[in-house]
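Chemist:
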Amino acid sequence: MRELFERFLWSSRLSVLFGVFSCIIAAFVVFAMGIRDVVHMIELILGYIFSGSHAVRNDLVMVVVEILDTFLLGAVLLIFAFGLYELFISNLKHASKSEAAGKILIISSIDSLKSKLGKVILMMLIIKVFSFFTDMKPTSMLDLLYMGITVVLIAGALKLSKD
Numbered sequence: 040m041r042e043l044f045e046r047f048l049w050s051s052r053l054s055v056l057f058g059v060f061s062c063i064i065a066a067f068v069v070f071a072m073g074i075r076d077v078v079h080m081i082e083l084i085l086g087y088i089f090s091g092s093h094a095v096r097n098d099l100v101m102v103v104v105e106i107l108d109t110f111l112l113g114a115v116l117l118i119f120a121f122g123l124y125e126l127f128i129s130n131l132k133h134a135s136k137s138e139a140a141g142k143i144l145i146i147s148s149i150d151s152l153k154s155k156l157g158k159v160i161l162m163m164l165i166i167k168v169f170s171f172f173t174d175m176k177p178t179s180m181l182d183l184l185y186m187g188i189t190v191v192l193i194a195g196a197l198k199l200s201k202d
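Counting along the sequence shown from 1, when you hit position 92 you're at 131 in the numbering used here, and nothing is skipped either side.
Dropping the structure here:
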């Protein structure tokens, strides 16, 4: 009875495949959204070239920031899918052989998965903060001080997240 239960328990790790497939599908959807944003950016570039409007330029900057954010989210989903697969199912042989993959796709523990995801999520948050800065119109010196403190805190977070 015990051996049967342990075999069942060990086989239950394969349920993680649902999460892996879901993350991969979600990553493809997010990348498709990013491609749509790139098409929109190209339309804005053409509009900016012909009009030279400052409003179009601001929209263009915001779309570029959104594109960065979108593709980083897709990367987070893929890293999470790779990490789940490596932790619960099997090592990715192609990732360890590939020089292009580097060390980002090799996940050895939950802590390394959290570390890799945390760095990418930190970059997403930084992009989002700076997109808020582009919309912000400081009205007082206190607003500028808060923006400066935010930049210093972001720099500190980046420093702490280095390996």
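Yeah, the Cβ is synthetic: ideal placement off N, Cα and C, and Gly gets one too.
(1) Could you check the C-alpha separation between threonine 109 and valine 59 for me, to the nearest Å?
(2) Residue range of the alpha helix (DSSP H) that isoleucine 193 falls in?
(3) Determine the DSSP secondary structure at asparagine 130, reduced to helix, strand or coil.
(4) When you compare only the Cα positions, how much space is there between methionine 175 and isoleucine 74?
(5) If I measure Cβ to Cβ from serine 170 and keep anything under 8 Å in the same chain, skipping five residues before and after, which residues do I get?
(6) Given 8 Å as the limit, is there contact between the stretch 119 to 126 and the stretch 56 to 72, that is, 3 or more CB pairs closer than that?
(7) Please go through the same chain and pick out, in chain order, the residues whose beta-carbon is closer than 7 Å to the beta-carbon of valine 69, but skip the five residues on each side of it.
(8) Taking the straight line between their C-alpha atoms, what separation do you get for leucine 126 and valine 159?
Modeler: Result, derived from the coordinates:
(1) 19 Å
(2) 180 to 200
(3) coil
(4) 27 Å
(5) Met101, Val104, Glu105 and Asp108
(6) yes
(7) Thr109, Leu112, Gly113 and Leu116
(8) 19 Å
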